[in-house]
Amino acid sequence: MLTQEDRGKIPSLEEFPFWIQDNTGIVIDSTHISHYNAAAAQMKEQLEKSSFWELVCKKIIEFNDEYYGEYGTELLKDKKAPSIDVKPGDSFIEKIYRENVVDNQDFPGEPRAGWVVPANWFERIDDILRTTIVVRYLDGIEYIATRLENLCSDKAVLKDRCKYLAKIEGYYAAHLYFNMEFEIPGMEWKTEKIVSPIEVQITTQVKEVIKELIHPYYEEQRVKRYSEEDMWQWRYESPEFVRNYLGHIIHYVEGMMVGIRRRNK
Amino acid sequence: MKAVYRTYLERIDLSSETLKRNVELVIDYAGKLCNDKIIDIFISDYYEADGSRGYGSLWLISEGYICEARNFRNTGEYDIDVAPIKHAITYYRTSIQDYDFKNATKESRIMVECVNENGTSFQLKACYENCDRLREVIDKYIKPNMEVI
Numbered sequence: 002m003l004t005q006e007d008r009g010k011i012p013s014l015e016e017f018p019f020w021i022q023d024n025t026g027i028v029i030d031s032t033h034i035s036h037y038n039a040a041a042a043q044m045k046e047q048l049e050k051s052s053f054w055e056l057v058c059k060k061i062i063e064f065n066d067e068y069y070g071e072y073g074t075e076l077l078k079d080k081k082a083p084s085i086d087v088k089p090g091d092s093f094i095e096k097i098y099r100e101n102v103v104d105n106q107d108f109p110g111e112p113r114a115g116w117v118v119p120a121n122w123f124e125r126i127d128d129i130l131r132t133t134i135v136v137r138y139l140d141g142i143e144y145i146a147t148r149l150e151n152l153c154s155d156k157a158v159l160k161d162r163c164k165y166l167a168k169i170e171g172y173y174a175a176h177l178y179f180n181m182e183f184e185i186p187g188m189e190w191k192t193e194k195i196v197s198p199i200e201v202q203i204t205t206q207v208k209e210v211i212k213e214l215i216h217p218y219y220e221e222q223r224v225k226r227y228s229e230e231d232m233w234q235w236r237y238e239s240p241e242f243v244r245n246y247l248g249h250i251i252h253y254v255e256g257m258m259v260g261i262r263r264r265n266k
Numbered sequence: 028m029k030a031v032y033r034t035y036l037e038r039i040d041l042s043s044e045t046l047k048r049n050v051e052l053v054i055d056y057a058g059k060l061c062n063d064k065i066i067d068i069f070i071s072d073y074y075e076a077d078g079s080r081g082y083g084s085l086w087l088i089s090e091g092y093i094c095e096a097r098n099f100r101n102t103g104e105y106d107i108d109v110a111p112i113k114h115a116i117t118y119y120r121t122s123i124q125d126y127d128f129k130n131a132t133k134e135s136r137i138m139v140e141c142v143n144e145n146g147t148s149f150q151l152k153a154c155y156e157n158c159d160r161l162r163e164v165i166d167k168y169i170k171p172n173m174e175v176i
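Top line first, the protein sequences correspond to chains A and B.
The first sequence lines up with residues 2 to 266 when you count with our numbering.
The second sequence lines up with residues 28 to 176 when you count with our numbering.
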């Protein structure tokens, strides 16, 4: 992996709008953020009213009862329709920065898939709208993920196969993406049609609690570059050591719990 | 399945087709077990400590019997008890919380415990809007079946 010295000076999040304008001529300013906020709010409303989302909400209840029929326990933490969250403007800009700078292996060159800029960011950023489905047990993640994947595939909206994440930092979850067509106000207030991905995170009740605890840490880490010298695994007094291993231990314990539950059936 | 049962199940947040199929199957089994036509159903429910709704047994009522299906949500694995009900109730006790017998609120709860002539007892409980349904069950099937010698 390239070090910071290899790549030259990396602009900070605050410097990034100036850097991209100076180096590519692309402008990202407060007008774009206002436009993003207005468009994202409309996207949320359209998704909530869509027949596909209504179907998803109905189907997850169906999956819950099928799982109960099979295992004698609830699949979902609760049966309320999952809420749809909009990525806040500042978090969105941070993601644009990560895509173009932090996670761009070719920086200061263009990312392999091209710069993420106002002209394409509604299509490129995959979690402008995000929902989380919380299941009770670890085996529920795959159970619901495969069924949702099939549903999205049947309706021809599946963007990518479900990703089962297992990060070195102790983050485990399934992420599924489906595409939706939206009508949003254009920069000149003329309506535009776009297709934007929606992120569905599937996690367990326990992992959700842990995520809430360590979320501020991940926020901070995401805008930092990974360094091979940063061996948190050996810094047993560091917050990273405790938080990351907590994620791994919880995952292991949750796996054992499913094993016990199935043996007791 | 009768439309009235579908409406009832949906009203207590049991709306999936899987669940409706299970209930339909249990109605069929119970009818065969007691050799009587099932004329009404009731599902015991309650709130868990975390605020989620939990479900107890499915109760199936015929003219002569009351059947309890304990694990009615477990596909293909049912456990059904049958007890006489026709003029067979010798005692019943109710416990009522935040319910005026008209408008159930989220805090409303009813529990009714019945003992019948052979000494067996059964307990039905309801929360929120299901209290209205349990009140109907008491009026239609418990009170008229109090044993009169």
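No residue lacks a Cβ here, since even glycine has one placed at the ideal position from N, Cα and C.
By the CB criterion at 8 Å, B/Arg-80 and B/Asp-125 fall outside the cutoff. The continuous beta strand (DSSP E) containing B/Leu-87 extends over residues 80 to 89. Within a 10 Å sphere around the beta-carbon of A/Leu-166 sit fewer than 16 other beta-carbons, which makes this residue exposed.
Interface flag for B/Asp-67 against chain A is unset, since no Cβ pair is found closer than 8 Å. About 10 Å separates the beta carbon of B/Val-139 from that of B/Tyr-168, a gap too long to meet the 8 Å contact definition.
Put simply, the CB of B/Arg-162 is far from chain A, with every gap to its CB atoms at 8 Å or more. In terms of beta-carbon proximity, B/Thr-45 lines the interface with chain A, with at least one pair separated by less than 8 Å. Close to chain A, meaning a Cβ-Cβ distance shorter than 7 Å, are the following residues of the region 28 to 54 of chain B: Asp-40, Ser-42, Ser-43, Glu-44, Thr-45, Leu-46 and Asn-49.
A direct Cα-to-Cα measurement between B/Lys-152 and A/Val-136 gives close to 27 Å. Taking C-beta atoms under 8 Å as the contact rule, A/Trp-116 and A/Ile-27 qualify, at a distance of about 7 Å. Taking CB atoms only, B/Asn-98 has a neighbour in chain A less than 8 Å away. In terms of Cα proximity to A/Asn-245, the closest of A/Ala-39, A/Glu-75, A/Tyr-172 and A/Val-118 is A/Tyr-172. Secondary-structure assignment with DSSP links A/Lys-194 through a beta bridge to A/Glu-184. Burial state of B/Ser-71 is buried, judged by a 10 Å Cβ sphere holding 16 or more other Cβ atoms. Assigned with DSSP and collapsed to three states, B/Met-173 falls in strand. When the Cα atoms are used, A/Lys-96 and A/Ile-126 turn out to be separated by approximately 8 Å. Cα atoms of B/Tyr-56 and B/Asn-101: separation of roughly 14 Å, rounded to the nearest angstrom.
Within chain B, the residues whose beta carbon sits less than 7 Å from that of A/Glu-63 are Ser-43, Glu-44 and Thr-45, listed in sequence order.
The region 51 to 68 of chain A makes no contact with the region 89 to 106 of chain A: fewer than 3 CB pairs, one atom from each, lie closer than 8 Å. Comparing alpha carbon positions, the residue from A/His-36, A/Thr-192 and A/Pro-240 closest to A/Ile-215 is A/Pro-240. Chain A places a beta carbon closer than 8 Å to that of B/Ser-79, counting this residue as a contact.
Of the candidates B/Ile-65, B/Ile-107, B/Ala-115 and B/Ala-131, B/Ala-115 places its Cα closest to the Cα of B/Glu-144. Look at the region 145 to 164 of chain A: it has no residue with a C-beta under 7 Å from a C-beta of chain B. Its Cα nearest to that of B/Ile-54, the residue B/Ile-93 stands out among B/Glu-37, B/Thr-34, B/Ser-43 and B/Ile-93. In this structure, DSSP gives B/Ala-110 an extended state, which the three-state scheme calls strand. Going by beta carbons, A/Ile-129 and A/Met-258 fall outside the 8 Å limit.
For B/Tyr-73, the uninterrupted beta strand (DSSP E) run begins and ends at 65 to 74, by DSSP. DSSP lists no beta-bridge partner residue for B/Ala-57. Secondary structure note for A/Glu-100: it is in no beta strand (DSSP E), with a DSSP letter that is neither H nor E. Contact with chain B is found for A/Lys-80, since one of that chain's Cβ atoms lies less than 8 Å from the residue's Cβ.
Residue-level contact check: A/Glu-67 touches chain B, since one or more beta carbons of chain B fall below 8 Å from its beta carbon.
Note that the C-beta distance between B/Tyr-35 and B/Arg-160 is below 8 Å. Secondary structure remark: continuous beta strand (DSSP E) runs of at least 3 residues inside the region 57 to 100 of chain A, in chain order: 85 to 87. Setting aside the 5 residues that flank it on each side, B/Leu-52 has no residue in the same chain whose C-beta is closer than 6 Å to its C-beta. With respect to A/Ile-211, A/Ala-175 sits apart: the two C-beta atoms are not nearer than 8 Å. For A/Glu-213, no CB of chain B lies under 8 Å from its own CB, so it is not counted at the interface with that chain.
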